[in-house]
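K.L.:
Can you read through this structure? Questions will come right after.
Residue numbers (the numbering used here): 938 to 1243.
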């Protein structure tokens, strides 16, 4: 196994991790502040991807597609929060699960009605296509490097928003004692709508960015949603820092496991069996990681201790 392959896979893991962070950050904000289990978060990821693909195809501008993804996902999130989610805050988690699962079906069938069952494709812009030469002579896709950079910038911006702004103070206060900040005059309904729209916008941005390296299709958000739940369990519910660290761990574990585990099993069995067993264990590796973290720290790496 060459060093170039390992470095490329590490970069792939970082790229997958920062995109997972965009998805998980909104999810952990919504759950941490509102106490809401939102299974429809993956549908907002899909909304962003379809909006970007449609607008980019109509205008020829990738950047306009990204802006449209942010706007469409945020608007969909705000509407869903005001019409549906707002009625679920006092309900138990089973009601929240059932209602947001129904939203998945509504979003999926609505998207299929608008765009059909065939996938759409979002073209990488010319100024981001092709490889970039890295130190050591490694050629790596420019677009994937851009995804890493965008994810890191968004993570920094989100940290500044939560930790250094007045809105961030309200968000953190709402997580700790929503009744108290409501008594102090904060419009809690407006705050919740804003948080839900922010989380939806992050999911939509992730869908649009990933849509350029995968096909954009109905149901594309559900597999990512599962990984996002794994991320926030590992990192700790309600922790943005935990979501970031957890996302990087999941991205690197999933990517590197796919190359190292088959190689490891070649020492014990024939190459075909090693590839099969190693690939199976690689797909399980993130869940094994989650189990180990929960055994060591049941509230996650950065979650508050009970």
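Even glycine gets a Cβ: it sits at the ideal position worked out from N, Cα and C.
If you're wondering where the values come from, they're calculated on a predicted model, not measured in any experiment.
1. Would you list the residues sitting across from residue 1153 in a DSSP beta bridge?
2. Do the CB positions of residue 953 and residue 1188 come within less than 7 Å of each other?
3. Classify residue 943: buried if its beta carbon has 16 or more other beta carbons within 10 angstroms, exposed otherwise.
4. Could you name the residues that DSSP lists as bridge partners for residue 1070?
5. Go ahead and pull the three-state DSSP assignment for residue 975.
6. Per DSSP, what kind of secondary structure is residue 1239 in: helix, strand or coil?
7. Entirely within the region 1124 to 1210 and at least 4 residues each: give me those alpha helix (DSSP H) ranges in chain order.
8. Any beta carbon of chain D sitting closer than 7 Å to that of residue 976?
9. Indicate whether the contact test is met: 3 or more Cβ pairs, each with one atom in the region 1175 to 1187 and one in the region 1090 to 1104, closer than 8 Å.
10. My output table needs one value for residue 1119: the three-state DSSP class, helix, strand or coil.
11. From residue 992 to residue 1002, what does the alpha carbon distance come to, in whole angstroms?
12. Could you give the first and the last residue of the continuous alpha helix (DSSP H) run that contains residue 1032?
13. Determine the DSSP secondary structure at residue 1231, reduced to helix, strand or coil.
14. DSSP three-state label for residue 1021, please.
15. Nearest to residue 1088 by CA position, among 970, 1023 and 1145, is which residue?
16. Compare the C-alpha of residue 1039 against each of 1237, 1182 and 1021 and name the closest.
17. Does the beta-carbon distance from residue 981 to residue 1086 come in below 7 Å?
18. Could you name the residues of the same chain whose beta carbon sits closer than 6 Å to that of residue 1037, not counting the 5 residues immediately before and after it, in chain order?
19. Report the option in 1068, 1051 and 1168 whose CA atom is closest to the CA atom of residue 1083.
20. Quick one: what's got a C-beta closer than 6 Å to residue 1155's C-beta in the same chain, skipping five residues either side?
21. Output the distance between the C-alpha atoms of residue 1251 and residue 1210, rounded to the nearest integer angstrom.
P.N.:
The relevant details are as follows:
1. For residue 1153, DSSP records a beta bridge to 1057.
2. A distance below 7 Å separates the beta carbons of residue 953 and residue 1188.
3. Under this definition residue 943 is an exposed residue.
4. Paired residues: 1076.
5. Here residue 975 sits in coil by DSSP.
6. It is coil, neither helix nor strand.
7. DSSP runs (the alpha helix (DSSP H)) wholly in the region 1124 to 1210: 1125 to 1148, 1158 to 1172 and 1177 to 1202.
8. As a matter of chain content, chain D is missing from the structure shown, which is built from one protein chain.
9. Cβ pair count under 8 Å is three or more, so yes.
10. Helix, per DSSP.
11. C-alpha separation (whole angstroms): 5 Å.
12. According to the DSSP assignment, residue 1032 belongs to the alpha helix (DSSP H) that extends over 1030 to 1052.
13. DSSP places residue 1231 in helix when its eight states are reduced to three.
14. Note: residue 1021 maps to coil in three-state DSSP.
15. For residue 1088, the nearest C-alpha among the options comes from 1145.
16. Comparing Cα positions, the closest option is 1021.
17. The Cβ atoms of residue 981 and residue 1086 lie no closer than 7 Å to each other.
18. Hits under 6 Å: 975, 976 and 977.
19. Per the Cα distances, 1068.
20. Closer than 6 Å at Cβ, skipping near neighbours: 1045, 1048 and 1049.
21. The requested residue 1251 does not occur in the structure, where the chain is confined to residues 938 to 1243.
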